[in-house]
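A.B. asks:
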Amino acid sequence: PQLDRVRWIMFPEVRPPSQRALFDDTDADAELPDVMQVMDLQQEQLARSLGDGHRVIHGVAGSGKTMILGFRAEHLAKAQTPTSKPILVLCFNEPLAVKLDAMFTARGIADRVHARNFHKWCWHQLKAFGQPLPGQGPDMFDHMVDGVIRAVERSQIPSGQYQAILIDEGHDFRPEWLKLITQMVDPATNSLLLLYDDAQSIYERSRTRQFSFKSVGIQAQGRTNILKINYRNTKQILQAASLIAADLLSPEEHDDDGIPVVRPVSYGREGPPPLVVRLPSLRDEVEHLADLLADEHHSGGRAWGDMAILCHDHTVMTACAEALHRRRLPHQVRRRSGDYRPAQDAIRVMTMRVSKGLEFPLVAIPGLGAMPAPGADEKEAARLFYVAATRATDKLLLTASGEGGFGKRFAAGVTA
């Protein structure tokens with residue numbers, strides 16, 4: 001503990017960024033927190049020792065992958081010269097890109113480190129190099145990516161544009177996307193960092209076929225690290241997430257060029273067990289959650305922005321937003337790109353899918369009794385729940401109505 005205290009004071013970069021404060025450590029007079037979380041020595045050694053070349057880190061949810069990415073991006077940015085090419089940080093989900101951009105802005109490196117979600121980056125590439133933009137439609141994003149790939153093949157969009165590329169949540173990227181991205185690294189540095197966790201691959205397209213990293217141009221042999229310890233969640237939250245996703249977390253070994261499934265190991269931090277409430281209907285669920293969150297703020301002193309409601313579909317999300325509106329509780333609904341504003345002190349309401357890469361002290365998940373939906377793939381629903389539940393750092397609230405399979409797996413701690 002004393003060593004961690006010294007490291008926390010001397011090396012701000014090894015502190016895990018809080019969701020709201022991000023990387024802002026400018027207040028020198030701020031009191032030290034009661035529990036000072038820092039990178040463990042394996043994480044810190046890994047982050048400091050990453051050299052040029054291709055690197056792949058397989059890490060379970062909550063193992064500090066994004067923290068390592070932030071440390072690496074800052075290290076590269078500080079070492080740049082006026083003639084250096086920019087650094088690109090890519091992810092799939094737009095809210096995570098917003099969070100990363102806010103992180104780099106707080107560190108004063110956003111002019112050198114560009115955080116983008118993949119499709120926004122593709123759009124910028126087409127626009128910057130005078131390529132036609134696809135029209136609106138269900139296949140717009142696919143056409144956008146195809147346009148960039150073809151333009152790079154024809155040298156209409158140049159390759160090697162970036163000093164380094166760092167990819168967060170790489171498990172959601174298609175093989176052809178990764179092949180495109182590797183071409184964007186300057187051959188003089190050949191600096192590529194890919195962060196991966198196959199257990200969180202919630203987009204089926206990313207698992208339509210097995211592929212090797214070598215097949216997409218990523219030279220991972222001898223440059224792969226595995227992070228097994230989950231630091232984000234309490235032991236109780238991780239157990240709840242694993243209860244639903246147990247079949248997805250069976251370890252699978254692969255060589256350095258393959259994609260393993262890594263079973264998370266809890267760091268052992270204790271917390272309250274998840275609160276499970278069974279209610280007659282979805283309306284009862286969302287009304288009860290609104291009451292619980294209001295009490296967390298008014299009686300428990302929890303900031304509005306430290307709470308999130310994660311929903312498996314837009315119907316549940318709308319019901320939650322309406323309940324919060326009726327209670328006049330400050331909330332922010334993420335319906336489309338641009339809606340997520342991490343600095344706003346408001347309850348976040350979003351789908352489970354777009355919550356990837358984010359974290360909140362308190363997470364509420366309504367609608368367990370409707371998961372999986374009729375006709376839906378149970379494994380896909382289990383992945384979604386696992387991602388959503390592991391967003392919570394301290395407290396998890398679950399509500400269920402109906403007879404859905406996931407609701408039955410929890411012994412209700414409270415019946416209302």
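In this text, residue positions in the sequence shown follow UniProt numbering: the first is 1, and each later residue adds one. Ideal placement from N, C-alpha and C gives every residue a C-beta, glycine not left out.
1) Mapping DSSP to helix, strand and coil, what is MET350?
2) Please tell me whether ALA290 and ARG335 are closer than 7 Å, where the distance is taken between their beta carbons.
3) On a CA-only basis, which of TYR162, LEU126, LEU178 and GLN161 is nearest PHE92? Give me that one, please.
4) At the level of alpha carbons, what is the spacing between MET140 and PRO134?
5) Considering VAL89, what are the terminal residues of the beta strand (DSSP E) in which it resides?
6) Based on the DSSP secondary-structure assignment, which residues constitute the bridge partners of LYS117?
7) Out of curiosity, what's the CA-to-CA distance linking ALA376 and SER49?
8) Reducing DSSP to helix, strand and coil, say where ALA164 ends up.
9) Touching or not, the segment 234 to 245 and the segment 69 to 79, by the rule of three or more beta carbon pairs under 8 Å?
10) Thinking MET103 and LEU126 are a contact (beta carbons under 8 Å), I'd like their distance in whole angstroms, please.
11) Can you give the Cα-Cα distance for ALA319 and ARG223, rounded to whole angstroms?
12) Does TYR196 come out as helix, strand or coil in the three-state DSSP assignment?
13) Alpha carbon to alpha carbon, how far is ALA388 from PHE213?
14) Am I right that PRO95 and LEU362 are in contact with their C-beta atoms under 8 Å? What's the rounded C-beta distance?
15) How would you label LEU398, buried or exposed, when you count the other beta carbons within 10 angstroms and need 16 or more for buried?
16) Pick from MET371, ALA381, LYS356 and LYS379: whose alpha carbon is nearest that of LEU100?
17) Between PRO132 and GLY160, which are expected to be in contact by the criterion C-beta below 8 Å, what is the C-beta distance as a whole number of angstroms?
18) By the DSSP assignment, the alpha helix (DSSP H) with LEU76 in it spans what residues?
19) Across which residues does DSSP place ARG409 in a beta bridge pair?
20) Beta carbon of GLN156, beta carbon of SER84: below 7 Å?
21) Nearest-angstrom Cα distance between GLU169 and ASN225?
22) Cutting at 8 Å between CB atoms, please list the residues of its own chain near VAL60, excluding the five before and the five after it.
23) Determine, using beta carbons only, whether ALA97 and ILE68 come nearer to each other than 7 Å.
24) Would you kindly work out how many angstroms separate the C-alpha atoms of ASN190 and VAL89, rounded to a whole number?
25) Mapping the DSSP letters down to three states, classify PRO361 as helix, strand or coil.
26) Less than 7 Å between the beta carbons of VAL185 and ILE167, yes or no?
C.D. replies: The short version:
1) strand
2) no
3) LEU178
4) 6 Å
5) 87 to 91
6) First, the residue type needs correcting, since residue 117 is Asn and not Lys in the sequence shown. According to DSSP, ASN117 bridges with CYS91.
7) 44 Å
8) strand
9) no
10) Not quite, the Cβ-Cβ distance comes to about 27 Å (not below 8 Å), so this is no contact.
11) 47 Å
12) strand
13) 28 Å
14) Their Cβ separation, rounded to whole angstroms, is 17 Å, which puts PRO95 and LEU362 out of contact at 8 Å.
15) buried
16) LYS356
17) Actually they are not in contact, since the Cβ atoms of PRO132 and GLY160 sit about 23 Å apart, beyond 8 Å.
18) 65 to 78
19) Answer is none; ARG409 lacks a bridge partner.
20) no
21) 15 Å
22) ASP197, ALA199, LEU227, LYS228, ILE229, ASN230, VAL262, ARG263, PRO264 and VAL265
23) no
24) 15 Å
25) strand
26) no
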